[in-house]
Amino acid sequence: MSQDSEVRTKAEERAERAQRMAKEGAQAMAEHVAAIKAVDERTVKLRALRLAKEAADAEARAAAPPAPKKRKGK
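Below you can see the structure in the form of structure tokens.
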């Protein structure tokens, strides 16, 4: 009978290990997805800031008087 209990104990250990690994895997995947989401959110924010700056710079260039042309001396 000790062989039966030994087999059952090993099976329980394997089941517990598989359950623990599944839980850890799910947690790691959730952390990975959260990190990707954070990067995507920062990317969107930075892109919006860059586009706003580019638009403001273009508007400032359009409003500024053109620079005088340099003449070549003869």
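Residue numbering for the sequence shown follows this note's numbering, beginning at -18 and increasing consecutively.
For each residue, glycine too, the CB sits at the ideal point set by N, CA and C.
Remember, predicted model here, so these are calculated numbers, not experimental data.
Query, Result
"Quick check: what's the CA-CA separation for Pro49 versus Arg42?", "14 angstroms"
"Going by DSSP in three states, Ala48 sits in which element: helix, strand or coil?", "coil"
"If you draw a straight line from the C-alpha of Arg(-11) to the C-alpha of Arg(-2), how long is it?", "14 angstroms"
"Go ahead and pull the three-state DSSP assignment for Lys34.", "helix"
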